[in-house]
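Reading the sequence shown from the start, the letters are residues 1236 to 1376 in our numbering.
Cβ atoms here follow ideal geometry from the backbone N, Cα and C, with glycine treated the same way.
Notes to accompany the following structure.
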Amino acid sequence: MKNTERYLNEDALRYLGMKVLNLDTHDDLDSKPVSWQAFSKDTLKKPDRTFTFWEWLYSCIDLIKKHFLPMWKDNLIEGFISKARTEALLKSAEPHTFLLRFPDSKQGMISISFKQPDETIKHMIYSAAELKKARFSSENS
């Protein structure tokens, strides 16, 4: 993603490959071609998805460029990671640890996933406009 001034790591590339090809595992991912149909025409295969892979990816890039570029460049946004992988990472983390990612259920949104003091993991999805309006402090928790 040169236009956003940060290259994607292998995990992010595998996640995107699995998403565009509708795979549950990254086994043999390198040997599977991506058709134009799958990339830009077919809606994502999960329930309730009404957008294509390209529409979702473009909305993520647009969100980065318009609202989160400094954080993205500084690797403060994980970005392209599944909810399940996020939960696995946070499970072994200290309470109050959080991760920012692009949810595949919504276009142009960012998810703040965090581990609460009681060890549960919570996911909250926001638009950039909602985050600009929100005031995050310990008083709100």
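Span of the alpha helix (DSSP H) holding Arg-1320?
-> 1318-1326
When the Cα atoms are used, what is the spatial distance from Pro-1282 to Asn-1310?
-> 31 Å
Quick one: is Trp-1271 buried, meaning 16 or more other Cβ sit within 10 Å of its Cβ, or exposed?
-> exposed
Please name the residue in Gly-1343, Ser-1317, Leu-1258 and Phe-1349 whose C-alpha comes closest to that of Phe-1303.
-> Gly-1343
Residue range of the unbroken alpha helix (DSSP H) whose run includes Ser-1294 = 1288-1298
Three-state secondary structure (DSSP) of Gly-1314 = strand
Assign Tyr-1242 to one of three DSSP states: helix, strand, or coil.
-> coil
Quick one: what does DSSP say Leu-1256 is sitting in, helix, strand or coil?
-> helix
Ends of the alpha helix (DSSP H) at Lys-1367?
-> 1363-1368
Which residue or residues does DSSP assign as beta-bridge partners of Met-1359?
-> Ile-1347
Any 3 or more C-beta pairs closer than 8 Å across the stretch 1318-1336 and the stretch 1355-1367 | yes
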